[in-house]
Amino acid sequence: MVDGKIVIDDVSYAYGGDWILRNVTLHVPPNAVTVFFGPAGGGKTTLLRLINRLNDLVEDTEMSGRILLDGKDIYDRRVNVPNLRRRVGMVFALPLPIPGTIRENVLYGPKLAGMNNPDQLGDILERSLMQAALWDEVKDRLDSPATALSGGQQQRLCIARSLSLEPEVLLLDEPTSGLDPISTRKVEESLYELKQNYTIILVPHSVQQAARVADYAAFFLMGELVEYRPGVDIFVAPRDKRTEDYVTGRFG
Amino acid sequence: MINRMGMQKAGFVLLGATTLVVVIPILLVIGYIIYEGMEALSWQFIRAAPFDGMKQGGIFPAIVGTLLLTLGTALVAIPIGVGGTVYLAEYARDTWLTRCIRLAIINLAGIPSIVYGLFGLGMFVLFLKMGTSIMAGALTLAIMTLPVIISTAEEALRAVPTEFRTVSASLGGTRWQGIRYIILPQALPGIITGIILGLLRAAGETAPILFTVAAFFLPHLPQSPFDQTMALPYHLYVISTQVPGMPDSIKYGTALVLLALVLSMNIAASIIRSYFRRRRQW
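These protein sequence lines are chains V and X, in that order. Read in my numbering, the first sequence has 183 at position 187, and its numbers run on one by one without any break. Read in my numbering, the second sequence has 74 at position 57, and its numbers run on one by one without any break.
And the structure:
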């Protein structure tokens, strides 16, 4: 795991003077699901947002260390940040459709990227919605408002929206936290398909979900990376006492 | 229990009464002006220029003048106001400078309109040598209108959830693309409200145009932005106070036309606003 798709190299991060991440180093392998799990306030979401530089939008922060994507520092001054975000897509905890239709939501990113060939856009629309397991449910009403969809459908729409840009990496921040079990299963199943082509990092909403989907798992506690190993091991035979206590439900 | 229900009823009655107190004077004003002004109202009154010491004829030049002034104000105030607001709300960081600017805007909104009039006289009419002209008047009115537009529009932009900006950025949008395609369309009803409020105030003001543009009596239409013009609010002031023996019906007729102009702008604005609001989905 020396050269990952993404290399997080001794990253520390502070917001408003408080350290949220401390000296985190880990390598994220390609074509696998890596989960960042642990109790709230561990810095998982923050780390996720550092990988596509969404934290650039926040003021009063401080960062040290490096994050490499395919060996290149994404915080280099020459990096085109919108392009980076096209390569590293993100799905948020709460589905937030852009005001407009299903079609407009999925094609928002490609259009901003300058794509305007109708055939090409049509292909992207269909492929993205299929990958997010939503196509069959919406193919007859692509031009109806996105907000008319159920919560589970909206979240899959948001996944499709990220996939429309064919990112290399997909960051998912508790994507199923607001969903019912059936929608959750659909999202988790689509992850299984997606990891064939994408590098996925997921912040799960429960330890159980972490165990279900993880190929690799990293346990975060209070801004520190406690343990990072291939998936099953960390849940079956954790090495660190703190990981064990959390996985077995002694705290959380 | 009875007591609590009684309190509830009393509360409703009280609140209902305050609403009436707000509405009744407005209805009375409108009703009275319509009653007194209807008599003067005719096609001739609207389409003709005044003559015989303004005691005869119509108010056409004043109507055109007010429309031109409002148009000029809009042309200057809308782009500057909206542009400045987008910068303040979306780009500017929170520094002492931006805080000073915000404070200045709030204070500008509270300055009496006659002060704007004097400023316009000094700045545009004399210093920039525009003379008393539509140009100078529209610029003065625009400056008076800006704080209203900026403070309402900023409110509207801030009401759009931050998450939309994040979502847009996460899909490879630049900051401007997020503003252009999501934030501005969502804030549009609020921004339009601010613009209308500002322009309505400008259309009805007398003091700022007193020294900068308004003509006492000018029975023909302005030919260029550097001409003087008559304007409804000032004309109303003139015929009510400066011309002895002016028939009441002409005064109220003029007031009625001004009122109708302003109200119809207001209604048009509400229609535009609700059209955009219906398209909003959060």
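In this text, a Cβ means the ideal position worked out from N, Cα and C, and glycines have one as well. Keep in mind the model is a prediction, meaning the values are calculated, not measured.
For Thr183 of chain X, which residues in chain C fall below 8 Å Cβ to Cβ?
Among the protein chains in the structure shown, which are V and X, there is no chain C.
For Gly85 of chain V, the three-state DSSP class (helix, strand or coil):
The answer is strand: DSSP assigns Gly85 of chain V an E or B state.
Quick one: using the 10 Å Cβ neighbour count with 16 as the cut-off for buried, is Thr83 of chain X buried or exposed?
Its Cβ being crowded by 16 or more others within 10 Å, Thr83 of chain X is buried.
Going by beta carbon distance, what residues of the same chain come within less than 6 Å of Thr30 of chain V, once the five residues before and after it are set aside?
Apart from sequence neighbours up to five positions away, the residues of its chain that approach Thr30 of chain V with a beta-carbon distance below 6 Å are Val24, Ile197 and Tyr212, ordered along the chain.
If you measure from the beta carbon of Ser158 of chain V to each beta carbon in chain X, is any gap under 9 Å?
At least one chain X Cβ lies under 9 Å of Ser158 of chain V.
Contact set between the region 104 to 121 of chain V and chain X, restricted to residues whose Cβ is under 7 Å from the partner
Within the region 104 to 121 of chain V, the qualifying residues are Tyr104, Gly105, Leu108 and Ala109.
Of the residues X:Thr191, X:Leu216 and X:Phe293, the one placed nearest Pro106 of chain V, counting alpha carbons only
Taking only the C-alpha atoms, the option nearest Pro106 of chain V is X:Thr191.
Interface partners of Val201 of chain X on chain V, CB under 9 Å
Reading the sequence as shown, one finds Leu at residue 201 of chain X and not Val. Going along chain V, no residue has its Cβ under 9 Å from Leu201 of chain X, so there is no contact; the nearest lies around 12 Å.
Please state whether DSSP places Ile4 of chain X in a helix, a strand or coil.
Since the first residue of chain X shown is 18 and the last is 299, residue 4 of chain X is not available in this structure.
Check the C-beta distance from Leu161 of chain V over to Gln127 of chain V and give it rounded, since I have them as a contact under 8 Å.
Going by Cβ atoms, the distance from Leu161 of chain V to Gln127 of chain V rounds to 12 Å, so no, they are not a contact pair.
Chain-ordered neighbours of Thr112 of chain X on chain V, where CB pairs are closer than 9 Å:
Residues of chain V passing the Cβ test: none, with the nearest at roughly 11 Å.
Would you mind working out which of X:Ile63, X:Val38 and X:Ala34 sits nearest Ala272 of chain X, comparing C-alpha positions?
Nearest to Ala272 of chain X by C-alpha distance, out of X:Ile63, X:Val38 and X:Ala34, is X:Ile63.
Are the Cβ atoms of Ala89 of chain V and Glu170 of chain V separated by less than 9 Å?
For Ala89 of chain V and Glu170 of chain V, yes; Cβs fall inside 9 Å.
Go ahead and pull the three-state DSSP assignment for Asp66 of chain V.
It is coil, neither helix nor strand.
Proximal chain X residues relative to Ile94 of chain V, where beta-carbon distance stays under 9 Å:
For Ile94 of chain V, the chain X residues whose C-beta falls within less than 9 Å of its own C-beta are Phe181, Val184, Ser185, Leu188, Tyr198 and Ile199, listed in chain order.
What do you get for Asp111 of chain X, buried or exposed, if any count of 16 or more other CB atoms within 10 angstroms of its CB means buried?
Exposed, since its Cβ has fewer than 16 Cβ neighbours within 10 Å.
Spatial neighbours of Asp139 of chain V in its chain, beta-carbon cut-off 8 Å, leaving aside the 5 residues before and after:
The answer, listed in chain order, is Thr97, Ile98 and Arg99.
Based on Cα-Cα distance, which residue from V:Gly219, V:Arg74, V:Arg157 and V:Phe215 lies nearest to Ala129 of chain V?
Of the candidates V:Gly219, V:Arg74, V:Arg157 and V:Phe215, V:Arg157 places its Cα closest to the Cα of Ala129 of chain V.
Could you have a look at Asn112 of chain V and say whether DSSP puts it in helix, strand or coil?
DSSP places Asn112 of chain V in coil when its eight states are reduced to three.
Beta strand (DSSP E) segment containing Glu240 of chain V, residue limits:
Counting along the chain, Glu240 of chain V falls outside any beta strand (DSSP E), though it belongs to the alpha helix (DSSP H) covering Lys237 to Val243.
Using the three-state DSSP reduction, which class does Thr246 of chain X fall into: helix, strand or coil?
The three-state secondary structure of Thr246 of chain X, taken from DSSP, is strand.
With 16 as the cutoff for other CB atoms within 10 Å, does Thr179 of chain X come out buried or exposed?
Flag for Thr179 of chain X reads exposed.
Contact with chain V by Pro206 of chain X, beta-carbon distance below 9 Å:
No, Pro206 of chain X lies away from the interface with chain V (no Cβ there is under 9 Å from its Cβ).
From Leu166 of chain V to Arg83 of chain V, what does the alpha carbon distance come to, in whole angstroms?
In a straight line, the C-alpha of Leu166 of chain V is about 8 Å away from that of Arg83 of chain V.
CA nearest to the CA of Leu92 of chain V, picked from X:Val255, X:Arg295, X:Ser185 and X:Met282:
For the residues X:Val255, X:Arg295, X:Ser185 and X:Met282, the minimum Cα distance to Leu92 of chain V belongs to X:Ser185.
How long is the line joining the alpha carbons of Tyr11 of chain V and Glu55 of chain V, rounded to whole angstroms?
Whole-angstrom Cα-Cα distance: 8 Å.
Below-9 Å beta-carbon distance, Asn193 of chain V vs any chain X residue
Answer no: the Cβ-Cβ gap between Asn193 of chain V and chain X never drops below 9 Å.
Can you check which of these residues, V:Tyr242, V:Val209, V:Glu220 and V:Arg238, is closest to Pro226 of chain V by C-alpha distance?
Looking at the Cα atoms, V:Val209 is the closest of the given residues.
CB contact below 9 Å: Gly85 of chain V versus chain X
Taking Cβ atoms only, chain X reaches closer than 9 Å to Gly85 of chain V, which makes this a yes.
Skipping 5 residues on each side, what residues in its chain have a beta carbon closer than 7 Å to that of Asp265 of chain X?
Excluding sequence neighbours, Asp265 of chain X sits near Glu53.
Contacts of Thr191 of chain X in chain V (Cβ-Cβ under 9 Å):
Under the 9 Å cutoff, chain V gives Val77, Pro78 and Leu108.
Euclidean distance between Cα positions of Val(-2) of chain V and Gly34 of chain V:
Note that Val(-2) of chain V has pLDDT 47, beneath the 50 cutoff, so the model's placement of it is unreliable and no number is given.
Contact list for Gln240 of chain X against chain V, beta-carbon separation under 8 Å:
Within chain V, no residue comes near Gln240 of chain X; the closest Cβ sits about 46 Å away, beyond 8 Å.
Min CB distance Arg123 of chain V to chain X below 9 Å:
No, because no Cβ of chain X sits closer than 9 Å to the Cβ of Arg123 of chain V.
Closest residue to Thr157 of chain X among X:Ala170, X:Val99 and X:Phe228 (Cα-Cα distance):
The option with the nearest alpha carbon to Thr157 of chain X is X:Phe228.
Classify Phe62 of chain X as helix, strand or coil using the three-state DSSP reduction.
Note: Phe62 of chain X maps to helix in three-state DSSP.
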